[in-house]
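Here's the structure we're looking at; comments come further down.
There are 2 protein chains.
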Amino acid sequence: MQEEIFELIEGKKYARIRELLSEMNPADIALILEDVPERELPVIFRILPKELASEVFVEMDSEMQQLLIEAFSDKELREVMNELFMDDTVDIIDEMPASVAKRILQQTDPNTRRMINQLLAYPDDSAGSIMTTEYVDLKKDMTVDMAFDRIRKIGVDTETIYTCYVIDQSRHLLGIVSVKDLLLNPKDKLIEEIMDENIIFANTLDDKEEVAGLFEKYDMLALPVVDKENRLVGIVTVDDAIDVIQEEATEDIEKMAAILPSDKSYFRTGVWATFRSRIPWLMLLMISATFTGAIISNFEEKLTVFPALIAFIPMLMDTGGNSGSQSSVTIIRAISLGDVEFKDILKVIWKEIRVALCCSLALAAINFLKLLTVDYYILHTFDPGKQIPEIAVVCLTLFFTILVAKLVGCTLPIFAKKIGFDPAVMASPFITTIVDAISLVIYFRIAIMVLGI
Amino acid sequence: MQEEIFELIEGKKYARIRELLSEMNPADIALILEDVPERELPVIFRILPKELASEVFVEMDSEMQQLLIEAFSDKELREVMNELFMDDTVDIIDEMPASVAKRILQQTDPNTRRMINQLLAYPDDSAGSIMTTEYVDLKKDMTVDMAFDRIRKIGVDTETIYTCYVIDQSRHLLGIVSVKDLLLNPKDKLIEEIMDENIIFANTLDDKEEVAGLFEKYDMLALPVVDKENRLVGIVTVDDAIDVIQEEATEDIEKMAAILPSDKSYFRTGVWATFRSRIPWLMLLMISATFTGAIISNFEEKLTVFPALIAFIPMLMDTGGNSGSQSSVTIIRAISLGDVEFKDILKVIWKEIRVALCCSLALAAINFLKLLTVDYYILHTFDPGKQIPEIAVVCLTLFFTILVAKLVGCTLPIFAKKIGFDPAVMASPFITTIVDAISLVIYFRIAIMVLGI
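As you go down the protein sequences, you meet chains E and C in turn.
Numbering-wise, my numbering puts 725 at position 113 of the first sequence, and it's gapless, one number per residue.
Numbering-wise, my numbering puts 646 at position 34 of the second sequence, and it's gapless, one number per residue.
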């Protein structure tokens, strides 16, 4: 399909392109247009039917949108923007350089402009920033038939018609009515008799991640958003909630890997931007890892007496780091899914202690067996008569390191959340650095005690 | 609210409980019932209005469901199950022990039973396993008015009425019509004139993660699912797609932290189950980390000549591991969001090489400066006259380790995906173990060359 269209573009067969694209989905058209040469892009975009063109425009990434806006006449720009829903308009303006944003705003009527500026003012992570202002509002003294008339009248321009909002004169939200309710009730029934007054809603300043969580919990298609005075100001639709869920998961995963989150996809982020998102944590962690070096330096002379101890350092550090990150990542995800809160901390610690005991016993035992069998019989690197104390040191260290690693791993994210930090930052790399230092201290302490050095 | 209800339960004020609960949302009621003593649970459940009771039942976790089923009479069981949608019924049966599942199946009529068994047969990760079989089907020669009649007739028992599916006599999918289309068209218009024939659909055996991705891409409320002969067999609704998106993100995060994924929340997973999900990777990674030990053993004698080199081992290993996991996690997420495919591998490598060069130059330079300033002037642990060659070794190693770590980190997930492995497994812990070994080899090679040992 894609290749066929590219051939048609080269052959300038625009009528056929229009025909082909008109049958396609906006998201797919936007994907195809991504690979169209910049010079041809405005031409192809202009041959799309008007309504479809706006739907495609929304699906494009901001660089392509900017390119098109710069190619548009004022009239074309107005036409495209008029078809957009308010939340999409605001998203687009948000991504544009100031001069382009200004030009867009100049092409909107004063009312819309005021609305856009209001929406732009909501913080990036708030419900207000993802809501749209086009919805079907009803009055409680309407009949079902009147409600259908209103839907027919304003429904074309609203993002969803399936949930309608019943408001009073001062726009306070009284109830919600679904089109399903309307269809299953007689035509002359009053809205106030069928509306659901048990409403799940958000405030404009609520965290958008929590709002997305409400969709997951209550299986809704749209959620009303009210201002401080409890007046209905907009709705969030389920497609935006899905986007938020995906973005937040990506952000958490990036933070867990010690990357500053970016809101662009992999190939859209330039080398320099990728570098800047990765270097701060790498640098911080490298510098803190030198503390571990200092611990070793202190023990250097004793290590030269028992050089076999050096060989176990990587294994102990890695196992400690992995154990700790298992706990921290589990807890971070549980916090973000709402399964774990600060009040659960003792329950979490108690569970992690028992898991840690199982893990550390199992690993210490396996390690002991491996040394006695593989290393002794096969590799001949191990002399039980001479090295039993050294092995005891390694297995004991393994035991305590895992215990400490899991405790540090499960508590740090909870404390981070409590003091207002992002728990996701307390993941693997951070925990690894802390656990490395702790495991070395444990290792050397035990070595001093057991080996008497 | 919760406390008020518990007090009412103790006072056996059932009428008031019914009144309070009837105004609440099923998901919230299920949460409250979680904390009700097991003995009281069936009593409280029975006072709920029938339809609400079934909605609450779906929101409960499987242990509570089992408890209730065991308390139900056959008649009660039939009543609850009759109200459920097919996908929920199948999910519940899937979680029950064989004897309970058998009892449920015995209470359903032969037709439903056959349908349930069919749905149970779909693989766990397929579109078939999350679809439901209740939807509104229309014929193309119906008018808009007839379509509304059909919706009114069967709409109560379907999971969504907002997208209707136009099928022919052998249930082949011809098009879709939304209720919005129906409302905005005259009553006598034929369905075939307004239906959308450009349908996005899934096959029963498609991966459910990919199906959820379609919802994200095309902003749909429901997706039709067809069998091998292209006959419509069910639909997936957006609420199930959201659940899949969250589950898959959790699963990816768990795999990235070297945990075998579980489908239960943190506190629902017992200590033993948590232990079993964590120990396999810990054990494997511990054993592979002993290879790193073997590399050090080989170099042991030389290390005792330059003991200062030992202190840098943790910093080099950690920095390498962190660099590698940044790349691998970024690529794993990009793969699962569909941004990176196998054909992009050269583009990925080229980008990662440039990012790695920036990172390694920056970190090597910072490390060099730190040694020359902090360690020399403040800590007095560094003697430039004597240790310049050692420092050169460390900085050179840092440079090459980061380069290699990023290359390994970005390519392994792509290859894993190519050969049918799960890329998420190639994350931090796995990469760390590989990069540790590589960084030590690089370190000692460079030490031998520069220091001439």
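We put the beta carbon where it would ideally sit given N, CA and C, even for glycine.
Remember, predicted model here, so these are calculated numbers, not experimental data.
| Item | Value |
| --- | --- |
| Taking Tyr565/E as the query, report the chain C residues whose CB atoms sit under 9 Å from its CB, ordered along the chain. | No answer is possible for residue 565/E: it lies beyond the span of chain E, which begins at 613 and ends at 1065. |
| Measuring only between beta-carbons, confirm whether Asp930/E sits less than 7 Å from chain C. | yes |
| Could you have a look at Ile1058/E and say whether DSSP puts it in helix, strand or coil? | helix |
| State buried or exposed for Leu981/E, treating a residue as buried only when at least 16 other CB atoms are found within 10 Å of its CB. | exposed |
| Where does Tyr747/E sit, in a helix, a strand or coil, going by DSSP? | coil |
| Is it right to say Asn910/C is buried, meaning 16 or more other beta carbons lie within 10 angstroms of its own, or is it exposed? | exposed |
| Give the straight-line distance between the Cα atoms of Arg764/C and Glu804/C, rounded to the nearest whole angstrom. | 20 Å |
| When DSSP labels each residue in this structure, what does Ala733/C get in the three-state scheme? | coil |
| Closer than 8 Å by C-beta to Ser674/E: which residues in its own chain qualify, once you throw out the five before and the five after it? Chain order, please. | Ile704, Glu707, Met708 |
| Terminal residues of the continuous alpha helix (DSSP H) containing Gly846/E? | Note, Gly846/E: premise wrong, no alpha helix (DSSP H); beta strand (DSSP E) at 844-849. |
| Quick check on the burial criterion: 16 or more other C-beta atoms within 10 angstroms. Buried or exposed for Tyr989/E? | exposed |
| Excluding sequence positions up to five away, which residues of its chain have a Cβ less than 6 Å from the Cβ of Ile1054/C? | Thr1009, Phe1012, Thr1013 |
| Considering only C-alpha positions, which residue in the set Leu795/E, His784/E, Ala814/E is nearest to Ile806/E? | Leu795/E |
| Which same chain residues, not among the five before or five after Lys1018/E, have their C-beta less than 7 Å away from its C-beta? | Ser935, Gly936, Ser939, Glu964, Val967, Ala968 |
| Could you round the C-beta distance between Met898/C and Asn979/E to whole angstroms and report it? I think they count as a contact, below 8 Å. | 7 Å |
| If distances are taken between C-alpha atoms only, which option among Arg725/E, Leu643/E, Glu671/E comes closest to Arg690/E? | Arg725/E |
| Thinking C-alpha only, which one of Val655/C, Pro661/C, Glu622/C, Glu616/C is nearest Pro638/C? | Pro661/C |
| State buried or exposed for Phe669/C, treating a residue as buried only when at least 16 other CB atoms are found within 10 Å of its CB. | buried |
| CA-CA distance, Val1020/C and Ile1026/C? | 10 Å |
| Contact defined as beta carbons within less than 8 Å: I believe Ala642/E pairs with Met672/E. What is the distance between those atoms, to the nearest angstrom? | 5 Å |
| By the 8 Å beta-carbon criterion, what residues does the segment 629-643 of chain E contribute toward chain C? | Glu635, Met636, Asn637, Ala639 |
| Give the residues from the segment 740-752 of chain E that approach chain C closer than 8 Å (Cβ to any Cβ), ordered along the chain. | none |
| Indicate whether Glu635/C and Asn810/E have their beta-carbon atoms separated by less than 7 Å. | yes |
| Residue ranges of each alpha helix (DSSP H) run of no fewer than 4 residues wholly in the segment 957-984 of chain C, ordered along the chain? | 957-982 |
| What in chain E is Cβ-close to Lys792/C, meaning under 9 Å? | Ile763, Gly767, Val768, Thr772, Ile773, Tyr774, Val791 |
| Using a Cβ-Cβ cutoff of 8 Å, what residues of the segment 899-928 of chain C are near chain E? List them in chain order. | Ile899, Ala901, Thr902, Thr904, Gly905, Ala906, Ile908, Ser909, Glu912, Glu913, Leu915, Thr916, Pro919, Ala920, Ile922, Ala923, Phe924, Ile925, Pro926, Met927 |
| Using a beta-carbon distance below 7 Å, is Lys829/C in contact with chain E? | yes |
| Would you mind stating whether Asp737/C and Lys820/C have Cβ atoms separated by less than 7 Å? | yes |
| Output yes if chain C places a C-beta closer than 7 Å to the C-beta of Gln873/E; else output no. | Gln is not the amino acid found at residue 873/E; the sequence shown has Pro there. Closer than 7 Å: no. |
| Look up Ile788/E in the DSSP assignment and give the residues it is bridged to. | Tyr777/E, Asp808/E |
| Comparing alpha-carbon positions, which option in Asp769/C, Lys1029/C, Ile925/C lies nearest Glu1002/C? | Ile925/C |
| Check whether the segment 743-758 of chain C and the segment 842-851 of chain C are in contact - that is, three or more C-beta pairs closer than 8 Å. | yes |
| Decide if Trp884/E is buried, meaning its Cβ has at least 16 other Cβ atoms within 10 Å, or exposed. | exposed |
| Residues of the segment 838-864 of chain C in Cβ contact with chain E at a cutoff of 8 Å, in chain order, please. | Val850, Asp851, Ala853, Ile854, Asp855, Ile857, Gln858, Ala861, Thr862, Asp864 |
| Whose Cβ in chain E lies nearer than 8 Å to the Cβ of Leu645/C? | Under the 8 Å cutoff, chain E gives no residues; its nearest Cβ is about 15 Å from Leu645/C. |
| Measuring only between beta-carbons, confirm whether Asp941/E sits less than 7 Å from chain C. | Note on identity: in this sequence residue 941/E is Val, with Asp being the wrong assignment. Yes - at least one Cβ of chain C is within 7 Å of the one on Val941/E. |
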